[in-house]
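Below: the structure, in structure tokens.
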Amino acid sequence: ICSAYPSGNLPRRRRQVKVEYDRDDGISQVKVEHWEPLDWMKQLGFIREMRSGRDAPVDNMGAEKCYDAEAPPQVRRFQVLVSLMLSSQTKDQVTGAAMQRLRAHGCTAENIVATDDKKLGELIYPVGFWRNKVKFLKQTSAMLMTEFGGDIPNSVEGLVRLPGVGPKMAHLAMDIAWNQVSGIGVDTHVHRISNRLGWLKKPTKNPEDTRKALEDWLPRELWSEINWLLVGFGQQVCLPVNPLCSICLNQYSCPSAHKCSPVKRPKPESPRSPGPTNKYKVKTEPEQESNTTEADQESSVPSIRQRRQVKKH
2 ICSAYPSGNL PRRRRQVKVE YDRDDGISQV KVEHWEPLDW MKQLGFIREM RSGRDAPVDN
62 MGAEKCYDAE APPQVRRFQV LVSLMLSSQT KDQVTGAAMQ RLRAHGCTAE NIVATDDKKL
122 GELIYPVGFW RNKVKFLKQT SAMLMTEFGG DIPNSVEGLV RLPGVGPKMA HLAMDIAWNQ
182 VSGIGVDTHV HRISNRLGWL KKPTKNPEDT RKALEDWLPR ELWSEINWLL VGFGQQVCLP
242 VNPLCSICLN QYSCPSAHKC SPVKRPKPES PRSPGPTNKY KVKTEPEQES NTTEADQESS
302 VPSIRQRRQV KKH
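Sequential numbering of the sequence shown, starting at 2, is according to the numbering used here.
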């Protein structure tokens, strides 16, 4: 375990508790404990600093960038929803390319309904679970045509009724398409980073529980910003595997820091499977190239016979 502390042990983190009082017509006061994580504002400031370049994939190819700015309002809103539906289990680069093809084809609810499944699949491939998304896009577009005149619902309740649309997509669609903050959009990045930083009173097992836990203490004015900040931070620094803690400004206050943060990360691709079948393999995050070859790795590990000879000497 690598650690920035000489002893190898991270300092204990205490939870911060703010005591507030609810007044009941001036007659009595009820003590209410308002929980919030220790140093969260400082950590948020560091994340803002690390995200100041706005050069993560989400900044250039996220749902806020995928729609046609010259299209009518209801078409823009529809394209925001489509990009969110495609983005599930898919890198922003792949989603952005699929949206460009859809827009060139004509990305309106009416056009999607009129497009046959085979053609629609060719347009969105290789987004994750593209076959299911073809079905969801056709069903959702048909519902929007019959019930909303081709526009998207302006409520979370209406959005989650659509096939393939969950709470995360609904809250993000409300924010981006309707400019209304209805809740925090929690994807895998926000879920992972919130747990790593200790921003939750108790660890959560899924994004929806994380959303509820964050909304319980995070000021509402930050709900829109937090998704954009943490998604980009998760794409560039706080990676799902081997996070780059050594370059993170929160490495001294994050309880998960330096658990495993190597300088170089070998590319996890099997030498026996470089063929064309892996050409469109979708990974959660872009991998970093390594300058170390397999021969170098093998030569750096002494054989059993060499280790025995060293012991004899």
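Just so it is clear, CB atoms sit at the ideal spot from N, CA and C, and this is done for glycine as well.
In this text, all values refer to a predicted model and were calculated from it rather than measured experimentally.
With DSSP as the reference, label residue i as helix, strand or coil.
i                 : result
leucine 85        : helix
alanine 70        : coil
lysine 136        : helix
isoleucine 177    : helix
glutamine 90      : coil
glutamine 101     : helix
proline 58        : helix
arginine 197      : helix
threonine 141     : helix
glutamine 252     : coil
proline 241       : coil
aspartate 188     : coil
asparagine 207    : coil
aspartate 118     : helix
valine 76         : helix
lysine 260        : coil
glycine 63        : coil
isoleucine 48     : helix
isoleucine 125    : helix
glutamate 148     : helix
phenylalanine 130 : coil
aspartate 40      : coil
threonine 96      : helix
isoleucine 153    : coil
leucine 231       : helix
cysteine 246      : helix
tryptophan 218    : coil
arginine 162      : coil
lysine 202        : coil
serine 53         : coil
serine 225        : helix
Apart from the five residues just before and just after residue i, which ones in its own chain have a Cβ nearer than 8 angstroms to its Cβ?
i              : result
histidine 192  : Thr205, Asn207, Pro208 and Thr211
valine 232     : Ala57, Val59, Gly63, Asp188, His190 and Val191
methionine 86  : Lys134, Phe137, Leu138, Thr141, Gly165, Val166 and Met170
methionine 146 : Ala110, Glu111 and Val114
alanine 72     : Gln80
arginine 132   : Gly122
Buried or exposed for residue i, please, with buried defined as at least 16 other CB atoms from any protein chain shown within 10 angstroms of its CB.
i             : result
alanine 171   : buried
proline 168   : buried
glutamine 94  : exposed
histidine 35  : exposed
proline 244   : buried
methionine 42 : exposed
alanine 370   : Because the chain in this structure spans residues 2 to 314, residue 370 falls outside the shown range and cannot be described.
serine 84     : buried
valine 238    : buried
glycine 97    : buried
arginine 1    : Only positions 2 to 314 of the chain appear in the structure, and residue 1 is not among them; the question remains open.
glycine 199   : buried
proline 154   : buried
arginine 55   : exposed
glycine 151   : buried
aspartate 118 : exposed
In chain order, what residues of the same chain lie with their CB nearer than 6 angstroms to the CB of residue i, ignoring the 5 residues before and after it?
i              : result
leucine 201    : Ser195 and Ala214
arginine 104   : Asp69
glycine 186    : Lys169, His172, Leu173 and Asn228
arginine 162   : none
methionine 100 : Cys67 and Ser84
asparagine 251 : Gln44 and Phe47
Identify, in the order they occur along the chain, each residue of the same chain with its Cβ nearer than 7 angstroms to the Cβ of residue i, setting aside the five sequence neighbours on each side.
i            : result
glycine 235  : His190, Arg193 and Ile194
serine 88    : Ala64 and Thr96
glutamate 50 : Leu250
For the ligand MN, I want to know if residue i counts as a neighbour, meaning its beta carbon is within less than 7 angstroms of at least one of the ligand's heavy atoms.
i                 : result
phenylalanine 137 : Among the ligands in the structure shown, none appear at all, so the ligand MN cannot be discussed.
For this session: Give a yes or no on contact between the region 172 to 187 and the region 221 to 237, applying the rule of three or more CB pairs nearer than 8 angstroms.
Result: Touching, per the Cβ criterion.
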